[in-house]
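Asker:
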Amino acid sequence: MANPGYGKRSAPDQRPRTGADFTHLVPRDAAIASYIDSLRDGADISVKTLAKALPYGQCAIRTTLNRLQEEGHLRRGSECVASGENLIWVTRTFFSRTARDDTWWAAFSRGDVPTETQRTTRSRAFILLAALGRTTPALSLSHRDCVTLEPQMTEWLTRGATEAEITHALTSGLPDRIHHPAALIATRLQTKLPPAREPHTVLRSLECSECRAPGTPEALPGGKCRTCRGTPTHQEPTLPAQKVRAQARAVRAGLIPKSDRPKR
Numbered sequence: 334m335a336n337p338g339y340g341k342r343s344a345p346d347q348r349p350r351t352g353a354d355f356t357h358l359v360p361r362d363a364a365i366a367s368y369i370d371s372l373r374d375g376a377d378i379s380v381k382t383l384a385k386a387l388p389y390g391q392c393a394i395r396t397t398l399n400r401l402q403e404e405g406h407l408r409r410g411s412e413c414v415a416s417g418e419n420l421i422w423v424t425r426t427f428f429s430r431t432a433r434d435d436t437w438w439a440a441f442s443r444g445d446v447p448t449e450t451q452r453t454t455r456s457r458a459f460i461l462l463a464a465l466g467r468t469t470p471a472l473s474l475s476h477r478d479c480v481t482l483e484p485q486m487t488e489w490l491t492r493g494a495t496e497a498e499i500t501h502a503l504t505s506g507l508p509d510r511i512h513h514p515a516a517l518i519a520t521r522l523q524t525k526l527p528p529a530r531e532p533h534t535v536l537r538s539l540e541c542s543e544c545r546a547p548g549t550p551e552a553l554p555g556g557k558c559r560t561c562r563g564t565p566t567h568q569e570p571t572l573p574a575q576k577v578r579a580q581a582r583a584v585r586a587g588l589i590p591k592s593d594r595p596k597r
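Take any residue in the sequence shown, count from 1 to its spot, add 333: that is its number in the numbering used here.
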C-alpha cells in the first residue's frame, strides 16, 4: 500500500469486469492495466513498485502508463481533501477500467461526474445491505428485503454517511436473538438517520503525463500539455540583427533615448 494521500484511486461508475476490458490495448499494456485494475484503492502503483511486481522494466512501465493515460484509463493529478479542520493537497492516480474521454475526465476533475444512462450494476445501497450478512450472519437479508430497504439506505448515503458509519449504526448493540432482521434494520435506518451534511466542493487538478506540469483538463487533451504534444507556442516577433545594431548605434549617438532601445 502507498503512503496516505498516494496510490491508486478508482474512478466512479465503472462497468462490471469482463474478459474484454483491455483487448483494445497491445498485450503488454493490457497485462499492466489488468494488474492495476485488480489492486484495491490505495495500492502503490508507482513505476518502481510495478517494476518489482511485473516482468517489465521501469522504462517499459512508464511508457505503458503514458499510453493508458492517452487511452483514457488513467489520470494523474492532485486532490484537495479535508484533514480535520485543514484542507491539504494530496497526490492521486485515478484509474478507470472503463475508458473515458477528455470530456469525462474534465467533468470528473470538477466533481461533476456524468452518470451512466443505463444501470448496469446494483446500487451502492443494495450492495451494502446484501453485505451485512457476511460480517454479521444474524442480519442476513433476502433479495426482496434488500430491494425493500434500498430507498432508506440510499437516503443515508445521500446525507453523506460513510460505509463504516452505516455498518456501526446497524450492527452495534444487537439483541441476543433476532427474529426479523429486515424489520430491525428498517427500524434502525429510520430512527438513527443522521442529519444532512453540508456539501463540499471537490477540487482537483490534473498533470501532464510527460512533464508532470499541472494544468486544467481542457489544456491537457489526451493527458498531455501543449509543449509535450509538440504544438508550437506563440512567440513575440524579434527584430533582425542588422536593425538591432543600427538602433544600438543610434542610442550611443544620443539620437533615441535608452529606454526605447529594443531588446535582442
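For glycine and all other residues, C-beta sits at the position ideal for the given N, C-alpha and C.
Using alpha carbons as the reference points, say which of Trp-437, Ala-363, Ile-460 and Thr-397 lies closest to Arg-477.
Answerer: Closest by alpha carbon: Ile-460.
Asker: With C-beta atoms as the reference, is Gly-556 less than 9 Å away from Gln-391?
Answerer: Result no, Cβ atoms of Gly-556 and Gln-391 do not sit closer than 9 Å.
Asker: How is the alpha helix (DSSP H) around Asn-336 delimited, first residue to last?
Answerer: Per DSSP, Asn-336 belongs to no alpha helix (DSSP H) and is neither H nor E.
Asker: In this structure, what does DSSP give as the bridge partners for Asp-539?
Answerer: It should be noted that the sequence gives Leu, not Asp, for residue 539. In DSSP, Leu-539 forms a bridge with Gly-410 and Gly-548.
Asker: Determine the direct distance from the alpha carbon of Pro-527 to that of Thr-450, and round the result to whole angstroms.
Answerer: Its pLDDT being 40, under 50, Thr-450 is placed unreliably in this model, and the value from its coordinates should be taken loosely. Roughly 30 Å separates the two Cα atoms.
Asker: Give the range of the alpha helix (DSSP H) segment to which Ile-518 is assigned.
Answerer: Ile-518 -> alpha helix (DSSP H) spans 514-524.
Asker: If distances are taken between C-alpha atoms only, which option among Gly-375, Ile-369, Pro-388 and Ser-411 comes closest to Leu-539?
Answerer: Taking only the C-alpha atoms, the option nearest Leu-539 is Ser-411.
Asker: Whose C-beta lies closer than 6 Å to the C-beta of Tyr-339 among residues of the same chain, with five residues either side of it excluded?
Answerer: Only Thr-424 meet the Cβ criterion.
Asker: Do you know whose CA, among Thr-500, Ala-519 and Asn-336, lies nearest Arg-467's CA?
Answerer: Among Thr-500, Ala-519 and Asn-336, the Cα nearest to that of Arg-467 is on Thr-500.
Asker: Just to confirm my understanding: we take Cys-544, look at its own chain, exclude 5 residues before and 5 after, and list those with CB closer than 8 Å. What are they?
Answerer: Excluding sequence neighbours, Cys-544 sits near Cys-558, Thr-560 and Cys-561.
Asker: What span of residues does the alpha helix (DSSP H) with Val-480 cover, start to end?
Answerer: Where Val-480 is concerned, the enclosing alpha helix (DSSP H) stretches over 476-491.
Asker: Give me the Cα-Cα distance between Arg-452 and Leu-462, rounded to the nearest whole angstrom.
Answerer: For Arg-452, the predicted model reports a pLDDT of 41, less than 50, meaning its position is unreliable; a value from the coordinates is still stated below. If I take the Cα positions, the gap works out to 18 Å.
Asker: Does DSSP put Ser-343 in a helix, in a strand, or in coil?
Answerer: Three-state result, Ser-343: strand.
Asker: Between which residues of its own chain and Ala-376 is the CB-CB distance below 7 Å, once the five residues before and five after are set aside?
Answerer: The residues are Met-334, Ala-335, Gly-340 and Lys-341.
Asker: Please report the distance separating the alpha-carbon of Glu-498 from that of Ala-393.
Answerer: Going by the C-alpha atoms only, they are around 42 Å apart.
Asker: Closest to Ile-369 by C-alpha separation, out of Pro-349, Thr-356 and Thr-426, would be which residue?
Answerer: Here the closest residue by C-alpha is Thr-426.
Asker: Measure the C-alpha to C-alpha separation of Arg-409 and Thr-469 and round it to an integer number of angstroms.
Answerer: Approximately 38 Å, taken between the alpha carbons.
Asker: Candidates Leu-383, Ala-432, Leu-358 and Asn-419: which alpha carbon is nearest Pro-349's?
Answerer: The candidate whose alpha carbon is nearest that of Pro-349 is Ala-432.
Asker: Return yes when the Cβ of Ala-366 is within less than 9 Å of the Cβ of Leu-372, no when it is not.
Answerer: Result no, Cβ atoms of Leu-372 and Ala-366 do not sit closer than 9 Å.
Asker: Taking DSSP as the reference, what is the three-state secondary structure of Phe-459?
Answerer: DSSP places Phe-459 in helix when its eight states are reduced to three.
Asker: My output table needs one value for Thr-426: the three-state DSSP class, helix, strand or coil.
Answerer: Thr-426 falls in the strand class under three-state DSSP.
Asker: Residues in the same chain with beta-carbon distance under 6 Å from Gly-548, minus the five sequence neighbours each way, listed in chain order, please.
Answerer: If we look at Gly-548 and ignore the five residues flanking it on each side, its Cβ neighbours are Cys-558.
Asker: Taking the alpha helix (DSSP H) that His-357 falls in, what are its first and last residues?
Answerer: From DSSP, His-357 is part of no alpha helix (DSSP H); its letter is neither H nor E.
Asker: Using three-state DSSP, classify Tyr-389 as helix, strand or coil.
Answerer: The answer is coil: DSSP assigns Tyr-389 none of H, G, I, E or B.
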